[in-house]
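Quick mapping for you: the protein sequence lines, in order, are chains A and B.
Heads up: the first sequence runs through residues 1 to 157, numbered per our numbering.
Heads up: the second sequence runs through residues 1001 to 1305, numbered per our numbering.
These notes concern the structure reproduced below.
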Amino acid sequence: MNKIPIKFTVNGKQREAQVEPNELLINLLREELYLTGTKYGCGVGECGACTVFVNDEPVLSCLTLAASVDGQQITTIEGLAKGSELHPMQVSFLKNAAVQCGFCTPGMILTAIALLKENPEPTEEEIRDYMRGNICRCTGYTQIVRAIKECAESIKS
Amino acid sequence: MQFNTRLLTHKFEYLAPETLTEALDLLNQYQAHHIKVLAGGTDLLVKMKTIDMEVDYLLYIKGIKELNFVDTAAGLSIGAIIPYSRLLKEDKIKTKYTALYEGIQAIAAPAIRNMGTIAGNIGNASPAADTVPPLIAFGAEVQIENKQGKRTILLENLFTGPGKTVLKPDELITRITVPEVKPQTGSAFIKKSRVKADLAKINLAVSLTRNGQNCEDCKIVFGSVAATAVRAPRTEKLLEGHSMTEELFIQAAKSVANEIKPIDDIRSTAEYRILMSQEMLYDALKLAWGRTYSQNESDPKNGGE
């Protein structure tokens, strides 16, 4: 099986790779680029733990072929902070204790950022609806919803 | 889970054509092999991970620019690689094709909607597909192409069973077209699922056109109650040409319960589906009928649940 050469950017950095046709984006990120913030949860598109941005839109890296991101821009949870300054959504998650085991957190934060981009002032119902593809088995969601709401308010003010 | 969903273990060749001609040539060339069309991957890659399925070639079509268009000038014309989320940004879909808008909103979650395509939802031919009942209700047609040429088929005639369509191995869905909706048309989509991100136990799209107090045109399309999405022609006839009264809504709901023939499966039971079909039809008819009066209102998200 011939490897496929691809060029793409990850967190603003130009990258090149040789990938197998059946290689998944999540494994390219985790195993070859050591960006282990992106988590493998269910592998079938139900949990949202593997969420990354492709061209600034959340997609599931466990259901994306690595070869298909040729020419695309990828952002992972590692790409949100500017140096030691966290993204406001990360700050809000910490402040509101929206993290317990942390496994769902990268996907949660990326999806939440996409939500606020589409809808800067979501209601609680809109937050819960948008986040429905990201499953958390620790927090019960209350703190996560609060963190997103507070982040929206802090950006506004 | 008995399968390892962390990896794709298939050994296949990845084909990523940049033009439609190239794609159709490849389909023609490899039609005797196990060639699969890949767009969003939200169904196909899940199946490849969880079902024993042979794939020799994967034809990735998202790089084909000719299939990347949405035209709303007359009706709707949607290219085959347009993801669901793109259509949520179209005001015309929200206001005029409300049931389609609600059907898309009911699909899984935002990341899935950024990946999956309408054409894929159709081609995958799941009886539970959320965009299919609304598209049938609006009279959608599917354009299918192969190397030899193209043909157009009414969406409701495309499906032959769960996962099965009339598409030949060398054919590709290239666009979905939907006729312009008539004035004074209202529509609604309702879905029942275990949680919101799940597939439908049962879903329903209704489209009504009003003439004075009478229902002029009526389409009722259920998903997940048969091997394919199905219309309820007897109940449609019951409504057409009649004044839409409370009694008629109730009569239609009773009628539809006798018309659909669902089965028990992993997601629900025949009994539940029949009971729900009546409630859903009653609600959807009222909602759609109300919308025939307020077609230009911009926010259709009230109601439906």
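Built from N, CA and C at the ideal position, the CB exists for glycine as well.
Can you tell me which of 1014(B), 1237(B), 1202(B) puts its alpha carbon nearest to the alpha carbon of residue 1227(B)? 1202(B)
Counting only Cβ-Cβ distances shorter than 9 angstroms, please list the residues of the stretch 58-76 of chain A near chain B, keeping chain order. 58, 59, 60, 62, 63, 64, 65, 67, 68, 70, 71
Top-ranked residue by Cα proximity to residue 62(A), from 5(A), 20(A), 46(A): Selected option, being the one with the closest Cα: 46(A).
Neighbouring residues, chain B, relative to residue 24(A) (Cβ below 9 angstroms): 1006, 1007, 1008, 1045
Secondary structure, beta strand (DSSP E): runs of 3+ residues fully inside the stretch 1118-1154 of chain B: 1141-1146, 1149-1154
Residue 1166(B): buried (16+ other C-beta within 10 angstroms of its C-beta) or exposed? exposed
Would you say residue 96(A) lies against chain B (beta-carbon separation less than 9 angstroms)? no
For residue 26(A), three-class secondary structure by DSSP: helix
Can you tell which of 1229(B), 1053(B), 1224(B), 1028(B) has the C-alpha that lies nearest to the C-alpha of residue 1003(B)? 1053(B)
Residue 1042(B) versus chain A: which residues are under 9 angstroms apart at the beta carbon? 45, 60, 63
On the DSSP bridge assignment, give the partners of residue 1208(B) in chain order. 1186(B), 1218(B)
How big is the Cα-Cα spacing for residue 1028(B) and residue 1014(B)? Between residue 1028(B) and residue 1014(B), the C-alpha separation is close to 16 angstroms.
Can you pull the chain B neighbours of residue 120(A), defined as C-beta to C-beta under 9 angstroms? Simply none; closest approach about 16 angstroms.
Going straight from the alpha carbon of residue 1296(B) to that of residue 66(A), what length do you get? At residue 1296(B) the pLDDT is 47, less than 50, meaning the model places this residue with poor confidence and gives no usable figure here.
Backbone CA spacing between residue 1001(B) and residue 1200(B) [nearest angstrom]: Unreliable placement is indicated for residue 1001(B), whose pLDDT of 48 sits below 50; no coordinate value is reported for it.
Is the beta carbon of residue 1125(B) closer than 9 angstroms to that of residue 1174(B)? no
Against chain A, does residue 1060(B) count as a neighbour if the rule is that its beta carbon must be under 9 angstroms from one of theirs? With 9 angstroms as the cut-off, residue 1060(B) counts as an interface residue toward chain A.
Is the stretch 1150-1164 of chain B close to the stretch 1057-1076 of chain B, with three or more CB pairs under 8 angstroms? no
State the Cα-Cα distance for the pair residue 19(A) and residue 69(A), rounded to the nearest angstrom. The alpha-carbon atoms of residue 19(A) and residue 69(A) are separated by roughly 11 angstroms.
Neighbour-count burial assignment, residue 1204(B), 16 or more Cβ in a 10 Å radius: buried
Going along the stretch 1011-1024 of chain B in order, which residues come within less than 8 angstroms of chain A, judged by CB to CB distance? Here the close residues are 1011, 1012, 1013, 1014, 1016.
Among 71(A), 56(A), 43(A), the one whose alpha carbon lies nearest that of residue 17(A): 71(A)
Using a Cβ-Cβ cut-off of less than 7 angstroms, list which residues of the stretch 1169-1199 of chain B approach chain A; keep chain order. 1196, 1197
Between which two residues does the beta strand (DSSP E) containing residue 7(A) stretch? 4-10
Using CA atoms only, rank isn't needed, just tell me which of 1108(B), 1252(B), 1070(B), 1032(B) is closest to residue 1232(B). 1252(B)
Let me confirm a value: residue 64(A) is counted as buried when at least 16 other C-beta atoms fall within 10 Å, else exposed. Which label applies? buried
With distances taken from CA atoms, which of 144(A), 58(A), 50(A) is nearest residue 96(A)? 144(A)
Per DSSP, the bridge partner or partners of residue 1078(B): 1070(B), 1176(B)
To the nearest angstrom, report how far apart residue 1215(B) and residue 82(A) are at their CA atoms. 59 angstroms
When the cut-off is 9 angstroms and only beta carbons count, does residue 167(A) lie next to chain B? An answer regarding residue 167(A) cannot be provided, because it is not within the stretch 1 to 157 covered by chain A.
Own chain residues within Cβ distance below 7 angstroms of residue 1255(B), not counting five before or after: Closer than 7 angstroms at the Cβ level, and outside the excluded window around residue 1255(B), lie 1234, 1235, 1238.
Would you say residue 17(A) lies against chain B (beta-carbon separation less than 9 angstroms)? no
Please report whether the beta-carbon of residue 1114(B) lies at a distance below 9 angstroms from any beta-carbon of chain C. No chain C appears in this structure, whose protein chains are A and B.
Within the same chain, show all residues whose beta-carbon is closer than 7 angstroms to that of residue 1025(B), passing over the 5 residues directly before and after it, in chain order. 1147
Can at least three beta-carbon pairs, one atom from the stretch 1287-1294 of chain B and one from the stretch 1261-1268 of chain B, be found at a separation below 8 angstroms? no
For residue 1090(B) and residue 1144(B), what's the separation of their Cα atoms in angstroms? 24 angstroms
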